[in-house]
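Structure first, then comments.
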Amino acid sequence: EYQSDFVKDLASMKLNEGWTVTYWSLQVLYYIGCQQVVIVGMDHSFKQSGKPGKLEVFKGPDVNHFDESYFAGKQWHLAGLQNNEKYYRIAKKQFEQAGRKIIDATVGGKCNVRRHTSPSFSANHSPLRLAVATLLAST
19 EYQSDFVKDL
29 ASMKLNEGWT
39 VTYWSLQVLY
49 YIGCQQVVIV
59 GMDHSFKQSG
69 KPGKLEVFKG
79 PDVNHFDESY
89 FAGKQWHLAG
99 LQNNEKYYRI
109 AKKQFEQAGR
119 KIIDATVGGK
129 CNVRRHTSPS
139 FSANHSPLRL
149 AVATLLAST
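Quick note on the working numbering: the sequence shown kicks off at 19 and runs consecutively.
Put into structure tokens, the structure is as follows:
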């Protein structure tokens, strides 16, 4: 059971998955102090049919991820984009309350919870933290 919707302290290691690895990653990035998280490559669109969260074995090539073999022949839970958006709103609120930003720089992405824009990097932001944020949040 999760302690809260958005976990800021990783000591418990009970992060709320929020229906997506992106939400999980946002909690980690918040904890390590990222002031600006730039998300790249999150199209927020799945070709699937069935109830969100239903466990299935993916048959055929995986058209929903960057690599056709990502879930091919493996079990996965059907995506629940409305559930994703609920948790993205929670993350956005937590980041904004702390004066931080989440930027979705995905070209053609369908998520409307975060603002879509080109990132603006300043000298105050650690390039390593931004690189980690981009890498983690886009997987």
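For every residue, glycine included, the Cβ atom is placed at its ideal position computed from N, Cα and C.
Next item on the list: Please report the Cβ distance between VAL81 and LYS104, rounded to the nearest whole angstrom; I am assuming they are in contact, meaning their Cβ atoms lie under 8 Å.
Entry: 25 Å between Cβ atoms; not a contact.
Check: If we count the other Cβ atoms within 10 Å of its Cβ and call it buried at 16 or more, is GLN54 buried or exposed?
Finding: Buried, because 16 or more other Cβ atoms sit within 10 Å of the Cβ of GLN54.
Margin query: Runs of 3 residues minimum, wholly inside the segment 44-101: which ones carry the beta strand (DSSP E) assignment?
Written below: Whole beta strand (DSSP E) segments, 3+ residues: 54-57, 73-75 and 93-95.
Checklist line | Buried/exposed call for PHE84, threshold 16 Cβ in 10 Å | finding: For PHE84, the number of other beta carbons within 10 angstroms of its own is below 16, and it is reported as exposed.
Margin query: Just to confirm my understanding: we take GLU35, look at its own chain, exclude 5 residues before and 5 after, and list those with CB closer than 6 Å. What are they?
Written below: Correct list, in chain order: TRP42.
Check: How would you label ASN130, buried or exposed, when you count the other beta carbons within 10 angstroms and need 16 or more for buried?
Finding: So ASN130 ends up on the exposed side.
Next item on the list: Run through the segment 102-132 for me and flag every whole beta strand (DSSP E) of 3 or more residues, listed as ranges in chain order.
Entry: List check, beta strand (DSSP E) in window: 119-122.
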